[in-house]
Each structure stands twice: as C-alpha cells, then as structure tokens.
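Down below is the structure, laid out as structure tokens.
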Amino acid sequence: MTPPVATLSAADRGLVDAARTAAGNSYSPFSHFPVGAALRLASEEIVTGTNVETASYGGTVCAERSALVAARSLKGQDLEIDSLAVVGTAPHLRSCPPCAICRNMIDELMSPDARVLFLFESVWTARSVKELVPFPFALDRTPARWWSRMFPRRH
Ligand SMILES: [Zn+2]
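Read in numbering that gives the first Met the number 0, the sequence shown has 149 at position 150, and its numbers run on one by one without any break.
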C-alpha cells in the first residue's frame, strides 16, 4: 500500500489515481510487481499504461514505456506531455522511480521541464525530466545541445 498522496495537488492526486488504476491491469506473473503509469498531456487528456511481462523476461515492458508508446501512437509528433506519474502497488513498496531504460524514453518523448511523479523512500517526489535524466544518451547529443538543455535561459 502506497502512502497517502495528501501532499500532492489535486491534479497530481488525480494523475496518481489514474496510474494506480492502470496498475490493476498489470500482467506481472513473474515479478509480482504491478506498476501503472499515467501521462497528463498538454491537452489535459490522460493516457495510461501498465507493465507487461513475458516468459522471456527481456521482452518485458514497463508501465512508463507502455504509457509513452500509447500516447505517441495516439498523438504522433503532436504529442506534448505535461506530467507523468508512476505507481507501484506491491505490498510494502517504498520506492518506485522509473528504471534507466524508461528514463531514456522519458527524456526523448517528454520536454526537459515536464514533471515526473514517483514514490521514493515513502515520499511522493516530483522531478523535472532534466533532473531525472541529467546525462541522457542520444545519438545527436552534442555538448552545445546538452548545455542549452541544462541552462535554457543562457541560449
Ligand atoms: Zn522501466
């Protein structure tokens, strides 16, 4: 059971609730670690995803990437994401930040200032994408692009 979300704004509570509901659709017979993710788009629409495991393990898809793929499938290049909430519903879970693979997709499909909400050490935590992924992997990440991303007002 995750701690109460009383410290979050009403909008963030709604996003966390949507992620928790999505976790109810998880297919996680191997890890028994259900996770849900919910994206609030700039249009105020909410798109959710859940983790789906496979017997091959390597084919497993996390909730965050499920939601991002669904949103990109719906909106294409017009996709604009305001916030992402991640909720794990395993008993006694204290932390559920996005994994490193998901962080890369978050970095590529969300803007640097978009927000990511997750539980960390039993505290609801919000970080910008650029805080969550300070040194992102990208094929075209030149030092100048990295600098302008980290300090956008200077350029
Ligand atoms: Zn992940």
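Every residue, glycine too, gets a C-beta built ideally from N, C-alpha and C.
So, for residue i: in the same chain, excluding its five sequence neighbours on each side, which residues have a beta-carbon less than 7 Å away from its beta-carbon?
i    : result
D16  : none
R102 : L131, V132
How would you call residue i, buried or exposed, if buried means at least 16 neighbouring beta carbons within 10 angstroms?
i    : result
P90  : exposed
T97  : Here the sequence assigns Pro to residue 97, which means Thr is not the residue at that position. With 16 or more other Cβ atoms within 10 Å, it is buried.
L138 : exposed
S121 : exposed
S30  : exposed
S25  : buried
R93  : exposed
I45  : buried
A9   : exposed
Which residues in the same chain have their Cβ closer than 6 Å to the Cβ of residue i, if we skip the five residues on either side of it in sequence?
i    : result
A62  : V34, G35, A36, G48, T49, N50
M104 : R64, L67
A125 : R114, L116
V60  : V51
Since residue i and residue j should fall inside the 8 Å C-beta cutoff, what is the C-beta to C-beta distance between them, to a whole number of angstroms?
i    : j    : result
S82  : A41  : In fact, because the Cβ distance is near 10 Å, the residues do not count as touching under 8 Å.
A84  : L116 : 4 Å
L108 : L78  : 7 Å
Short of 8 Å in beta carbon distance, which residues of its chain neighbour residue i, apart from the five on each side in sequence? Order them along the chain.
i   : result
R19 : T1, G35, V86, T88
Tell me whether residue i counts as near ligand 1, meaning its Cβ is closer than 7 Å to at least one heavy atom of that ligand.
i    : result
R71  : no
E79  : no
C95  : no
I100 : yes
R64  : yes
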